[in-house]
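Comments concern the structure below.
2 protein chains.
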Amino acid sequence: MTYELHYWPGLQGRGEFVRLALEDAGADYVDVARGPEDAGGGEAALVERMERRQPTPPFAPPFLVDGDLVIAQTANILLHLGPWLALTPIDHGGRLWVNQMQLTIADLVAEAHDTHHPIDVGAWYDEQKEAAAARAKAFREQRIPKYLGWFETILERHGGQWLVPSQITYADLSLFQAVEGLRYAFPRAMARLEDRLPKVGALAARVAQRPRIADYLLSPRRIPFNEDGVFRRYPELDG
Amino acid sequence: MTYELHYWPGLQGRGEFVRLALEDAGADYVDVARGPEDAGGGEAALVERMERRQPTPPFAPPFLVDGDLVIAQTANILLHLGPWLALTPIDHGGRLWVNQMQLTIADLVAEAHDTHHPIDVGAWYDEQKEAAAARAKAFREQRIPKYLGWFETILERHGGQWLVPSQITYADLSLFQAVEGLRYAFPRAMARLEDRLPKVGALAARVAQRPRIADYLLSPRRIPFNEDGVFRRYPELDG
Numbered sequence: 001m002t003y004e005l006h007y008w009p010g011l012q013g014r015g016e017f018v019r020l021a022l023e024d025a026g027a028d029y030v031d032v033a034r035g036p037e038d039a040g041g042g043e044a045a046l047v048e049r050m051e052r053r054q055p056t057p058p059f060a061p062p063f064l065v066d067g068d069l070v071i072a073q074t075a076n077i078l079l080h081l082g083p084w085l086a087l088t089p090i091d092h093g094g095r096l097w098v099n100q101m102q103l104t105i106a107d108l109v110a111e112a113h114d115t116h117h118p119i120d121v122g123a124w125y126d127e128q129k130e131a132a133a134a135r136a137k138a139f140r141e142q143r144i145p146k147y148l149g150w151f152e153t154i155l156e157r158h159g160g161q162w163l164v165p166s167q168i169t170y171a172d173l174s175l176f177q178a179v180e181g182l183r184y185a186f187p188r189a190m191a192r193l194e195d196r197l198p199k200v201g202a203l204a205a206r207v208a209q210r211p212r213i214a215d216y217l218l219s220p221r222r223i224p225f226n227e228d229g230v231f232r233r234y235p236e237l238d239g
Numbered sequence: 240m241t242y243e244l245h246y247w248p249g250l251q252g253r254g255e256f257v258r259l260a261l262e263d264a265g266a267d268y269v270d271v272a273r274g275p276e277d278a279g280g281g282e283a284a285l286v287e288r289m290e291r292r293q294p295t296p297p298f299a300p301p302f303l304v305d306g307d308l309v310i311a312q313t314a315n316i317l318l319h320l321g322p323w324l325a326l327t328p329i330d331h332g333g334r335l336w337v338n339q340m341q342l343t344i345a346d347l348v349a350e351a352h353d354t355h356h357p358i359d360v361g362a363w364y365d366e367q368k369e370a371a372a373a374r375a376k377a378f379r380e381q382r383i384p385k386y387l388g389w390f391e392t393i394l395e396r397h398g399g400q401w402l403v404p405s406q407i408t409y410a411d412l413s414l415f416q417a418v419e420g421l422r423y424a425f426p427r428a429m430a431r432l433e434d435r436l437p438k439v440g441a442l443a444a445r446v447a448q449r450p451r452i453a454d455y456l457l458s459p460r461r462i463p464f465n466e467d468g469v470f471r472r473y474p475e476l477d478g
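Here the protein sequences come in this chain order: S and P.
Counting from 1, one number per residue, gives the positions in the first sequence under this note's numbering.
Counting from 240, one number per residue, gives the positions in the second sequence under this note's numbering.
Right under this line is the structure:
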């Protein structure tokens with residue numbers, strides 16, 4: 001069965017957390033909006049699928065179509081995929097813990113987004129640069145250390161390679177993506193911080209070296225970071 | 240078995256979404272930080288439980304202790320409780336859909352919070368009032384209609400009383416809380432909007448009339464809305 005991933009073409013955004021899980025597992029999927037229009041792809045196909053009169057409409061991309069299920073919200077998609085991709089523990093408590101970590105990454109990602117859009121998600125960055133500078137300062141100095149410090153603590157406590165000591169999970173892949181995004185958007189702030197986050201850094205390196213992830217990162221399927229995504233490099237926001 | 244809910248005393252905040260589910264189900268729970276210190280309660284008990292050296296530390300309250308499980312992130316707590324409280328469907332797809340709606344409410348709640356803290360969650364509202372006014376305007380004019388309009392659409396499509404037509408779920412209780420919070424924080428904006436949201440309004444009224452919820456809302460367990468919570472009444476943010 002082929003999964004249909006629907007996300008805006010041209011940016012990593014929140015869709016990337018789903019892509020990494022599908023890629024690491026070698027799952028069969030199509031990235032619908034990036035496909036050719038004459039084969040049912042393109043952005044119009046995404047919009048049609050989202051706006052169709054259906055009982056469970058997505059609020060926003062990304063969403064996954066898996067047979068009869070139409071599933072939105074990044075963490076919810078991963079909650080669904082986790083067992084099928086063997087990227088979550090088998091036990092209930094373990095799955096809740098992975099979901100909890102994923103939701104905390106989602107909060108971090110939302111805050112990273114708001115560094116360039118602190119006032120109005122519908123307006124341009126240039127219209128909210130002053131507020132963005134202030135929000136980015138608080139994010140760099142307080143929020144990134146708090147979030148990544150929490151993950152460092154988790155890894156320190158059990159001494160294992162992954163967030164769940166017994167196995168890799170989708171939360172590891174997502175933490176890699178968050179760290180990569182923060183390095184892209186805030187290279188100076190992250191360079192100052194990373195000495196205090198050796199285990200998070202080692203985890204991110206370990207994810208990047210997984211064979212399927214390494215292949216993916218070098219493939220044209222991996223969209224480069226850019227200023228349309230969640231993580232944007234605006235040097236004035238990097239302090 | 241008694242559930243232990245841990246949340247900051249003195250405000251509804253995100254803990255309220257969990258309280259409403261526990262109350263509607265008539266579940267046995269203690270609201271730890273609101274209990275007397277000589278019986279193991281108080282804010283110090285919450286902090287101790289959160290900062291204890293444990294393998295799955297909460298990033299922030301609310302968190303629920305259920306036997307050996309320590310579960311944080313509001314939507315994750317409800318995902319866990321849903322089946323035990325009979326507040327979620329039995330089937331996998333139904334549970335994912337309820338979780339998806341809950342995560343969308345969580346996004347709405349985070350944006351409501353950021354109307355009074357658009358720059359720095361660690362600073363006072365008075366230090367970010369100008370940015371707050373701008374963010375609140377975008378929130379009132381674009382975001383509230385988009386979020387609540389989505390729920391209205393869901394209810395219109397199936398014509399039922401609850402978000403899932405076959406039964407009440409924790410997402411209904413949370414939507415009630417979100418609507419009540421928005422009415423408290425943005426009474427003028429909501430008064431203008433509600434004509435266009437008859438089904439959402441009727442759902443909220445239906446939740447308030449459920450016997451256990453009606454009792455709860457009149458009890459001292461229900462903390463009044465106030466300016467320490469997520470939803471704050473600052474008239475200058477209401478346009």
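Backbone N, C-alpha and C define an ideal beta-carbon position, used for all residues, glycine too.
Note that the structure is predicted; figures quoted are calculated from it, not measured.
Just the Cα atoms here: how many angstroms apart are residue i and residue j?
i, j, result
"G398(P)", "L79(S)", "29 Å"
"T56(S)", "A191(S)", "43 Å"
"L11(S)", "G333(P)", "30 Å"
"G388(P)", "V179(S)", "35 Å"
"V493(P)", "L402(P)", "Nothing can be reported for residue 493(P): it is not among the residues displayed for chain P, which extend from 240 to 478."
"S458(P)", "A27(S)", "52 Å"
"A351(P)", "P275(P)", "31 Å"
"Y386(P)", "G67(S)", "27 Å"
"G478(P)", "T354(P)", "12 Å"
"D195(S)", "A189(S)", "11 Å"
"I154(S)", "A72(S)", "28 Å"
"L173(S)", "L20(S)", "6 Å"
"R52(S)", "F390(P)", "15 Å"
"A349(P)", "V98(S)", "21 Å"
"F231(S)", "Y216(S)", "19 Å"
"R288(P)", "P300(P)", "10 Å"
"Q400(P)", "L442(P)", "7 Å"
"R374(P)", "A362(P)", "16 Å"
"L320(P)", "R222(S)", "38 Å"
"I213(S)", "P224(S)", "14 Å"
"K368(P)", "A131(S)", "11 Å"
"L182(S)", "R206(S)", "17 Å"
"Y29(S)", "Y3(S)", "4 Å"
"D38(S)", "A44(S)", "11 Å"
"Q381(P)", "N226(S)", "26 Å"
"L22(S)", "Q54(S)", "25 Å"
Mapping the DSSP letters down to three states, classify residue i as helix, strand or coil.
i, result
"L402(P)", "coil"
"I329(P)", "coil"
"Y246(P)", "coil"
"D307(P)", "coil"
"D120(S)", "coil"
"Y125(S)", "helix"
"Y268(P)", "strand"
"F186(S)", "coil"
"F176(S)", "helix"
"F256(P)", "helix"
"F378(P)", "helix"
"F470(P)", "coil"
"F302(P)", "strand"
"G41(S)", "coil"
"T241(P)", "coil"
Nearest to residue i by CA position, among the options, is which residue?
i, options, result
"N315(P)", "G239(S), L96(S), P61(S) and G67(S)", "L96(S)"
"L237(S)", "R140(S), E111(S), E127(S) and P83(S)", "R140(S)"
"V32(S)", "R183(S), V109(S), V47(S) and E130(S)", "V47(S)"
"D228(S)", "R210(S), M1(S), L85(S) and W8(S)", "W8(S)"
"G42(S)", "D114(S), H6(S), G15(S) and I119(S)", "H6(S)"
"A447(P)", "T313(P), D346(P), I407(P) and R273(P)", "I407(P)"
"L323(P)", "I462(P), A441(P), T313(P) and M240(P)", "Per the sequence presented here, residue 323(P) reads as Trp, with Leu not at that position. Comparing Cα-Cα distances from W323(P) to each of I462(P), A441(P), T313(P) and M240(P), the minimum goes to M240(P)."
"P328(P)", "R445(P), P404(P), R472(P) and N465(P)", "P404(P)"
"P426(P)", "A453(P), P463(P) and P474(P)", "P474(P)"
"E156(S)", "P198(S), A39(S) and R14(S)", "P198(S)"
"I344(P)", "A283(P), P450(P), E255(P) and V360(P)", "E255(P)"
"A133(S)", "G40(S), D91(S) and R233(S)", "R233(S)"
Give the C-beta separation of residue i and residue j to the nearest angstrom, bearing in mind that I take them to be a contact with Cβ-Cβ under 8 Å.
i, j, result
"L326(P)", "D263(P)", "7 Å"
"L69(S)", "V18(S)", "Actually they do not touch by this definition, with Cβ atoms about 14 Å apart."
"I144(S)", "L175(S)", "Not a contact, Cβ separation roughly 13 Å."
"P118(S)", "I358(P)", "6 Å"
"Y170(S)", "Q100(S)", "No, Y170(S) and Q100(S) are not in contact; Cβ-Cβ is about 13 Å, not under 8 Å."
"R34(S)", "T74(S)", "17 Å between Cβ atoms; not a contact."
Exercise for the section: Quick one: which residues of the stretch 388-404 of chain P get their C-beta closer than 8 Å to a C-beta of chain S? List them in chain order. Expected result: W389, T392, I393, R396 and H397
Exercise for the section: Output, in sequence order along the chain, the residues in the stretch 288-299 of chain P whose CB is closer than 9 Å to any CB in chain S. Expected result: R292, Q293, P294, T295, P296, P297, F298 and A299
Handout entry: Near-chain P residues of the stretch 72-87 of chain S - C-beta to any C-beta below 8 Å
Key = A72, Q73, A75, N76, L79 and H80
Handout entry: Residues from the stretch 248-264 of chain P in contact with chain S, defined by Cβ distance under 9 Å
Key = none
Handout entry: Contact list for the stretch 118-142 of chain S against chain P, Cβ threshold 7 Å
Key = P118, I119, D120, G122, A131, A134, R135, A138 and Q142
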